[in-house]
Structure formats: structure tokens, C-alpha cells
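Structure first, then comments.
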């Protein structure tokens, strides 16, 4: 004879379990974490490859950037040629017509110059249609100025 210890009727249903077992989920996540930790350094390191020789010509390189310089006295130079300030817009327009749309312009200015003077030149460069303008600085260490 069978004894029913549950205290209820013989065909009674149990209440649904309201807990979720997260142990398998944690196990899978830890395995994925270990896989990513092992493979991540391999993605950063490059593989040395001995490339074959080819007779094809190399792709054309970008043109040399346009260099605009302002010395301590405020004299304006474009690619080492002195330019009067009044002729700057016309000279930049001529350079814009001769260069591609992606031409780079480097602006070098003496540190003793007024900030407004430098920004006026940068404004003229921008008005001429150049979009890639960079201000060149000296990378001196410990505050000491390097000699060129």
C-alpha cells in the first residue's frame, strides 16, 4: 500500500516554480569571457608577411602641403616666398585652383606674434576654400626651445 506524504489529494498539481536557475547562464558567460580574453591579444598583434614583388607603379602620393609662415616681424611667406598681406587672398585662390580639393595647409607662426594676426591668416585660408588646415607647433621638451 502506498502512502501519500504530500498531504493533498492524489491528483493535485504542484504550484509553478517561480525561480530561474542562472547557474548555466553564468557558466556560458564565463566561458565566453575566457575565449575573448585569450583571442583579444591575437587580434592586435600583426602577422609578419613577406609580400611578393610587383612591376606595377605605386599609387600617386598626395601633393606636398602648402606651408604658410609668419615670422616674428609679421612677414608672410607661402612656401618660402614672401607675399604681401594684401596679395594673400589672390595667391590662395590661385593655389586653390592649382591643387586638389584635399590639399593640406600648414600654418607656422612665431610665438611672439599677436593671436589675432595669426587667426586673420587662418581665416583667409578658410575663406579661400581650404578645409584641411593645421597649426604647426614646436615639440620642444622640458620647456627648452629646440633650434631648427
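Numbering (the numbering used here), first residue to last: 40 to 187.
For each residue, glycine too, the CB sits at the ideal point set by N, CA and C.
Which class does residue i belong to by DSSP, given the choice of helix, strand or coil?
i, result
"residue 170", "coil"
"residue 58", "coil"
"residue 152", "coil"
"residue 188", "This structure cannot settle anything about residue 188, because the visible part of the chain is limited to 40 through 187."
"residue 146", "strand"
"residue 98", "Any reading at residue 98 is ruled out, since the residue's pLDDT is 49, under 50, leaving its predicted position unreliable."
Rounded to whole angstroms, what's the CA-CA distance from residue i to residue j? Just pull it up for me.
i, j, result
"residue 168", "residue 144", "11 Å"
"residue 148", "residue 110", "6 Å"
"residue 81", "residue 67", "22 Å"
"residue 151", "residue 158", "14 Å"
"residue 114", "residue 123", "8 Å"
"residue 71", "residue 60", "19 Å"
"residue 103", "residue 77", "44 Å"
"residue 73", "residue 62", "17 Å"
"residue 170", "residue 69", "49 Å"
"residue 108", "residue 75", "50 Å"
"residue 173", "residue 136", "20 Å"
How would you write the range of the beta strand (DSSP E) that residue i sits in, first residue to last?
i, result
"residue 112", "Where residue 112 is concerned, there is no enclosing beta strand (DSSP E), given that its DSSP letter is neither H nor E."
With residue i as the anchor, note down where its alpha helix (DSSP H) starts and where it stops.
i, result
"residue 128", "127-137"
Inter-stretch contact at 8 Å, needing at least 3 Cβ pairs: the region 152-168 / the region 115-132: As far as the Cβ criterion goes, the region 152-168 touches the region 115-132, which means the pair count is three or higher.
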